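In my numbering, each number is its position in the sequence shown, counted from 1, plus 3. Just so it is clear, CB atoms sit at the ideal spot from N, CA and C, and this is done for glycine as well. All of these numbers come straight from a predicted model, not from anything done at the bench.
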Amino acid sequence: MISTGTHSLQNGFNASEEFKKKALISDPGIYETAEDRLAFWAERAATLSWFKTWDTVLEWNPPFAKWFDGGKINAAYNCLDRHLEGSRADKKAIIFEGENGDTRELTYQELYDEVCKFANVLRTLGVKKGDVVTIYMPMIPEAVVAMLACARIGAPHSVVFGGFSPDALRDRINDAHSKIVITADGSYRRGKILPLKENVDEALQNVTTVEKVIIVNRTGLDINVCSERDFWYHDVMKDVSPVCPAEETDAEDILFILYTSGTTGKPKGVVHTTGGYLTGVATTHEYIFDIKDDDVYWCTADIGWITGHSYLVYGPLTNGTTVFMFEGTPDYPEKDRYWELVSKYGVTILYTAPTAIRTFMKWGQHYPEKHNLSSLRLLGSVGEPINPEAWMWYYNHIGGERCPIVDTWWQTETGMIMITPLPGITEMKPGSCTVPFPGIKAEILNRSGQPVAHDEVGYVAITEPWPAMLRTIYGDDKRYKDTYWGNWPGRYFAGDGAKVDGDGYFWIIGRVDDVINVSGHRIGTAEVESALVEHSAVAEAACIGKNHDVKGQAIAAFVTLREGYVASDILVQELKNHVAAKIGAIARPDEIHLTPELPKTRSGKIIRRILRDIAEGRPIGDTTTLADESAVIALQSIKNS
Ligand code: WTA
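Here it is, written out as structure tokens:
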């Protein structure tokens with residue numbers, strides 16, 4: 004039986020009796036208790052360390068929320084200082100392994116010292132409360148130090164994924180008006196070095212706000228160092244005081260901005276604040292991952308994404324967890340790297356993405372079988388729907404049929420996990436992210452805001468505010484209102500299609516907006532299209548997400564050329580490279596089809612459904628709205644070629 008209802012599930016999976024016996028949350032009554040949402044979240048917030056307690060739990064002037072307003076808190080203090088009294092001071096905060104096998108460990112005391120020193124460096128370089136700091140770094144402990152140092156002095160950080168191009172970095176620096184960038188000389192990637200500092204130099208060519216750049220020496224790459232502007236991390240950290248009192252920030256002060264793709268070419272700066280965010284991520288991390296003091300917890304996400312923010316940094320460190328952090332990729336030097344690491348460090352909890360799991364499946368079970376994975380006790384999945392086959396493989400071959408799987412649905416905007424099992428009590432169904440977390444209200448609605456019947460497809464709505472919710476889009480309240488709250492006033496539109504079954508379980512289908520989810524990374528069709536039309540050969544471009552066995556979705560682009568350009572394989576290759584250079588390798592289209600015309604309605608709107616049919620090799624559906632049949636005839640020849 005499950006906690007949520009009266010149905011007994013068919014073919015569900017339960018945690019073992021042994022797991023349940025020790026589970027942190029073993030009483031399904033938590034769902035009922037949390038029906039009093041504000042009391043539940045206030046009780047959770049009270050487990051954090053506050054300089055001053057809040058006046059109100061929630062002020063809700065839809066769509067603007069204030070959580071724990073009047074409270075004074077510091078995120079870095081909660082991640083560090085409060086663990087220093089007692090035995091946790093010497094507990095490992097971060098266990099790090101680099102791509103080349105170099106290792107480092109930082110205890111909570113050591114991480115605290117490093118963060119305080121770097122916070123003093125930032126202050127000395129003129130960073131003040133409220134200044135946005137851009138972080139463009141590899142997956143190394145200094146990235147966490149940089150984030151926490153910003154939090155310590157009340158300077159919001161904007162972490163930009165290290166795989167983004169100089170153009171993408173520039174847009175994000177400009178939008179945030181950053182005065183300072185923290186980077187590294189380079190980043191190891193499958194035996195090569197990505198030139199991060201060189202990318203920063205290129206990005207800064209058209210940026211006027213940035214006054215200082217701090218560079219961590221990660222690879223020894225030969226780089227250009229500007230005498231006035233650039234500082235080596237190891238130089239500025241010399242002789243700095245490790246005493247740096249944490250700024251008493253307001254609960255509603257911005258903790259960070261994180262850019263994510265939306266339906267236009269311009270990425271959205273999602274704004275997260277401090278008190279509510281920390282309450283949400285600490286609670287979900289502790290309850291969903293069943294955190295115990297001796298866990299070695301590994302979240303494979305990069306710090307450039309929300310999963311890295313919430314479940315590699317803020318959630319686990321607030322909970323005093325030992326975090327394993329890995330710089331490299333699963334296939335370097337061999338395809339068993341992850342399993343070697345699990346066994347070497349005794350990882351107990353592994354949180355990764357369905358794309359990775361499908362890749363491991365393709366490589367074959369002999370890779371995990373070479374290693375002892377018996378330390379694992381709980382597995383997690385995030386970023387895209389996990390197909391039941393991949394779920395079963397993860398369960399059998401990684402979890403040894405012993406580890407529950409928490410399939411966690413959430414978004415950059417939600418800040419925290421929203422729909423998920425609680426491993427000690429929720430019966431799992433492969434492919435379903437199960438039920439809303441206690442204190443979270445989610446429903447499936449139709450366009451006009453009516454709940455749909457069981458098993459009917461509709462849109463995911465969050466119907467009550469939650470503590471880690473985004474507060475706005477940086478500098479653009481209107482876009483925030485229109486994008487998320489315009490459909491159903493007072494209720495949040497997530498942009499995902501889904502259904503709920505008779506047991507109240509959620510089944511996420513995928514994005515319903517113009518966002519493609521490639522290997523769990525969000526990429527806007529408009530971003531790829533605007534990169535394409537910047538190329539001199541391109542007259543018009545349209546992109547769609549095409550189903551892909553491993554990546555979930557792959558980008559397929561349809562392009563019409565300008566007069567005088569001739570279609571060729573070389574040009575297609577050039578256009579793919581152009582997109583990768585403009586945005587980053589993750590946005591490189593898998594396919595580009597050159598076509599004389601795109602299928603449009605009479606009013607000139609591109610009919611993407613037809614493009615999807617073509618790309619996925621289906622018969623083309625209804626064409627009655629087409630302005631000109633010839634476009635489809637031309638596209639048909641692509642399909643047959
Ligand atoms: C998708 C990542 C199905 C979804 C944390 C969402 C999922 C988008 C799941 C957000 C899941 C995330 N099952 N789909 N468990 N988790 N998604 O902002 O489409 O990078 O809207 O946040 O990923 O992606 P984002």
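Checklist line | Sequence-distant residues of its chain with Cβ nearer than 7 Å to G8 (five each side left out) | finding: Locating residue 8 in the sequence shown gives position 5, where the first residue counts as 1. At G8, the pLDDT of 34 sits below 50, so the modelled position is not reliable; the number obtained from the coordinates is stated separately. Taken in chain order, the residues that qualify are D506, G507.
Check: Can you name the residues that DSSP bridges to Y462?
Finding: Translated into the one-based positions of the sequence shown, residue 462 becomes position 459. Partner(s): L448, G500.
Check: Apart from the five residues just before and just after K120, which ones in its own chain have a Cβ nearer than 6 Å to its Cβ?
Finding: The residue labelled residue 120 in the question sits at position 117 within the sequence shown. Excluding sequence neighbours, K120 sits near M240, V243, P245.
Notebook entry, point to check: Hey, V575 and I595: beta-carbon distance below 8 Å or not?
Noted result: Position 572 of the sequence shown, counting from 1, holds the residue named residue 575. Position 592 of the sequence shown, counting from 1, holds the residue named residue 595. Contact: yes.
Notebook entry, point to check: Beta carbon of T411: closer than 7 Å to some heavy atom of ligand 1?
Noted result: One-based indexing of the sequence shown puts residue 411 at position 408. For ligand 1, at least one heavy atom lies less than 7 Å from the Cβ of T411.
Next item on the list: Assuming N81 contacts L51 (C-beta within less than 8 Å), just tell me the rounded distance between them.
Entry: What you label residue 81 is simply residue 78 of the sequence shown in a count that begins at 1. What you label residue 51 is simply residue 48 of the sequence shown in a count that begins at 1. Indeed, because the Cβ distance is near 5 Å, the residues count as touching under 8 Å.
Next item on the list: Given a cut-off of 8 Å, decide if G283 and E387 are closer than it, judged by their beta-carbon atoms.
Entry: Residue mapping note: residue 387 aligns to position 384 of the sequence shown, counting from 1. Residue mapping note: residue 283 aligns to position 280 of the sequence shown, counting from 1. Not in contact: E387 and G283 (Cβ atoms no closer than 8 Å).
Notebook entry, point to check: Do P270 and Y280 have their C-beta atoms within less than 8 Å of each other?
Noted result: The residue labelled residue 270 in the question sits at position 267 within the sequence shown. The residue labelled residue 280 in the question sits at position 277 within the sequence shown. No. Outside cutoff.
Note to self: Taking only three categories from DSSP, how would you classify K373?
What the structure shows: As a first step, residue 373 must be located in the sequence shown, where it is residue number 370. K373: coil per DSSP, three-state reduction.
Next item on the list: Could you check what DSSP says for I41 in three-state terms: helix, strand or coil?
Entry: Looking up residue 41 in the sequence shown gives position 38. Going by the sequence as given, residue 41 is Leu instead of Ile. The three-state secondary structure of L41, taken from DSSP, is helix.
Note to self: Can you tell me where the alpha helix (DSSP H) holding V316 begins and where it ends?
What the structure shows: Residue 316 sits at position 313 when you count from the first residue of the sequence shown. Element bounds for V316: n/a, residue is neither H nor E.
Next item on the list: Measure the Cβ-Cβ separation of V503 and H457 and say whether it is below 8 Å.
Entry: Stepping through the sequence shown from its first residue, residue 503 is reached at position 500. Stepping through the sequence shown from its first residue, residue 457 is reached at position 454. By the CB criterion at 8 Å, V503 and H457 fall inside the cutoff.
Note to self: Short of 8 Å in beta carbon distance, which residues of its chain neighbour W488, apart from the five on each side in sequence? Order them along the chain.
What the structure shows: On the sequence shown, position 485 is the one that residue 488 refers to. Sequence-distant Cβ neighbours of W488 in its own chain, meaning closer than 8 Å and more than five residues away, are P65, P66, R494, Y495, F496.
Note to self: Report the start-end ranges of each beta strand (DSSP E) in the segment 273-306 that is 3 residues or longer and not cut off at the edges.
What the structure shows: You should have 299-302.
Next item on the list: Would you mind working out which of K25, D84, A68, L61 sits nearest W53, comparing C-alpha positions?
Entry: Taking the sequence shown and counting its residues from 1, the one referred to as residue 53 is at position 50. For W53, the nearest C-alpha among the options comes from D84.
Note to self: Comparing C-alpha positions only, which one of K195, C153, D233 sits nearest to V203?
What the structure shows: Counting from one through the sequence shown, the residue named residue 203 turns up at place 200. For the residues K195, C153, D233, the minimum Cα distance to V203 belongs to D233.
Check: Tell me which same chain residues have a C-beta within less than 7 Å of the C-beta of P468, skipping the five on either side of it?
Finding: One-based indexing of the sequence shown puts residue 468 at position 465. Taking C-beta separations shorter than 7 Å and ignoring five residues to either side along the sequence, the partners of P468 in its chain run L61, W63, A68, following chain order.
Margin query: How far does the alpha helix (DSSP H) with I33 in it extend, from its first residue to its last?
Written below: Numbered from its first residue, the sequence shown carries residue 33 at position 30. It spans 32-36 - the alpha helix (DSSP H) in which I33 sits, taken as one unbroken run.
Notebook entry, point to check: How big is the Cα-Cα spacing for A18 and L614?
Noted result: Sequence index remark: in the sequence shown, residue 18 carries index 15 (1-based). Sequence index remark: in the sequence shown, residue 614 carries index 611 (1-based). If you take the alpha carbons of A18 and L614, they lie about 43 Å apart.
Next item on the list: To the nearest angstrom, report how far apart G383 and G349 are at their CA atoms.
Entry: Counting from 1 along the sequence shown, the entry for residue 383 is found at position 380. Counting from 1 along the sequence shown, the entry for residue 349 is found at position 346. Approximately 16 Å, taken between the alpha carbons.
Notebook entry, point to check: Does the distance from the CB of E543 to the CB of L638 come in under 8 Å?
Noted result: For this step, residue 543 is matched to residue 540 along the sequence shown. For this step, residue 638 is matched to residue 635 along the sequence shown. Not a contact, by the Cβ cut-off of 8 Å.
Note to self: Measuring straight from C-alpha to C-alpha, what distance separates I420 and S533?
What the structure shows: Walking along the sequence shown from the start, residue 420 turns up at place 417. Walking along the sequence shown from the start, residue 533 turns up at place 530. The straight-line gap from Cα to Cα measures roughly 32 Å.
Check: Under the three-state reduction of DSSP, which class applies to Q576: helix, strand or coil?
Finding: By 1-based counting over the sequence shown, the position of residue 576 is 573. The DSSP-derived three-state label of Q576 is helix.
Item checked: Reduced DSSP secondary structure (H/G/I, E/B, other) of R380 -> Start at 1 with the first residue of the sequence shown, and residue 380 comes out as number 377. DSSP places R380 in coil when its eight states are reduced to three.
Check: Should S11 go down as buried or exposed, given a rule of 16 or more other Cβ atoms within 10 Å for buried?
Finding: Start at 1 with the first residue of the sequence shown, and residue 11 comes out as number 8. Its pLDDT being 44, under 50, S11 is placed unreliably by the model, and nothing is read from it.
Next item on the list: Let me know the secondary structure DSSP gives R565 once reduced to three states.
Entry: Working through the sequence shown from its first residue, we reach residue 565 at position 562. In the three-state reduction of the DSSP assignment, R565 falls in the coil class, being assigned neither a helical nor a strand state.
Next item on the list: Within 10 angstroms of the Cβ of H86, are there 16 or more other Cβ atoms? Answer buried if so, exposed if not.
Entry: Looking up residue 86 in the sequence shown gives position 83. Classification of H86: buried, given that the 10 Å Cβ count is 16 or more.
Notebook entry, point to check: Would K481 be called buried (16 or more neighbouring beta carbons within 10 Å of its own) or exposed?
Noted result: The sequence position of residue 481 within the sequence shown is 478, counting from 1. Its Cβ having fewer than 16 others within 10 Å, K481 is exposed.
Note to self: Tell me whether P319, by its Cβ, gets closer than 7 Å to a heavy atom of ligand 1.
What the structure shows: What you label residue 319 is simply residue 316 of the sequence shown in a count that begins at 1. At a cut-off of 7 Å, the beta-carbon of P319 does not count as near ligand 1: no heavy atom of the ligand is closer than that.
Notebook entry, point to check: Who are the Cβ neighbours of W308 in its own chain at under 7 Å, not counting the five residues just before and after it?
Noted result: Against the sequence shown, residue 308 aligns to sequence position 305. The residues are F164.
Next item on the list: Could you have a look at D485 and say whether DSSP puts it in helix, strand or coil?
Entry: As a first step, residue 485 is located in the sequence shown; it is residue number 482 there, counting from the start. Per DSSP, reduced to three states, the secondary structure at D485 is helical.
Check: Does the segment 107-116 come close enough to the segment 336-344 that 3 or more CB-CB pairs lie under 8 Å?
Finding: No: fewer than three Cβ pairs fall under 8 Å.
Note to self: I need the straight-line Cα distance from F440 to W510, nearest angstrom please.
What the structure shows: Mapped onto the sequence shown, residue 440 falls at position 437. Mapped onto the sequence shown, residue 510 falls at position 507. About 15 Å.
Item checked: Spatial distance of I636 from A557 (CA atoms) -> The residue you call residue 636 lines up with position 633 of the sequence shown. The residue you call residue 557 lines up with position 554 of the sequence shown. Each residue's Cα considered, the two are about 24 Å apart.
Margin query: Let me check understanding here. Comparing Cα to Cα, which of A146, E255, A285 lies closest to K75?
Written below: Numbered from its first residue, the sequence shown carries residue 75 at position 72. Answer by Cα proximity: E255.
Notebook entry, point to check: Between I589 and I519, which are expected to be in contact by the criterion C-beta below 8 Å, what is the C-beta distance as a whole number of angstroms?
Noted result: For the purposes of this step, residue 589 is identified with residue 586 of the sequence shown, where counting begins at 1. For the purposes of this step, residue 519 is identified with residue 516 of the sequence shown, where counting begins at 1. Contact between I589 and I519 does not hold, since the beta-carbon distance rounds to 10 Å and is not under 8 Å.
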